[in-house]
Amino acid sequence: MIQRFPSYCKLDNSPTSPFSFILQLTFFYTIMAMALSPRDAIAISDIERYDSFMAEVDGSQFLDMHFDNTGVKIDVYEYPSSTLFRSAHFEPSPKADSYFEQQKAHADEILGEQLRE
Numbered sequence: 079m080i081q082r083f084p085s086y087c088k089l090d091n092s093p094t095s096p097f098s099f100i101l102q103l104t105f106f107y108t109i110m111a112m113a114l115s116p117r118d119a120i121a122i123s124d125i126e127r128y129d130s131f132m133a134e135v136d137g138s139q140f141l142d143m144h145f146d147n148t149g150v151k152i153d154v155y156e157y158p159s160s161t162l163f164r165s166a167h168f169e170p171s172p173k174a175d176s177y178f179e180q181q182k183a184h185a186d187e188i189l190g191e192q193l194r195e
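Every number in my numbering is 78 more than the matching position in the sequence shown, counting from 1.
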């Protein structure tokens, strides 16, 4: 027996389908919720050290987090002088590559928007 669904339940990209709109909206929010955080780039064995390092960051400081040949490096700079205050290296997690690719894509998107303005 073939199951028939009402026309508003069809799974396509039709703008007339309320179900399609709800499904697309759900996928959008799911993908946004799945975005990796900086903490995801740090190996589980280094999470406690990372947490204590981050707890010491002051409100007048800013961070530069990047991947280098020794792992994940976080540099802390003083604001407004931009002088290096301290650095730390952390063991990368298996998700580190994905996190930094995500950050690069986000930066490229922002730069692209600025160039269009």
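Even for Gly, the Cβ is constructed at its ideal location relative to N, Cα and C.
- The DSSP assignment places 125 to 133 as complete runs of the alpha helix (DSSP H) inside the stretch 105 to 178, in order along the chain (cut-off: 4 residues).
- Take Glu179, set aside five residues on each side of it, and no residue of its chain has a beta-carbon closer than 7 angstroms to its own.
- As the crow flies, the alpha-carbon of Pro116 is around 36 angstroms from that of Pro96.
- Here Tyr157 is exposed, its C-beta having fewer than 16 other C-beta atoms within 10 Å.
- Proximity to Ser171 across Ile120, Leu114 and Ile152 peaks at Ile120, based on C-alpha coordinates.
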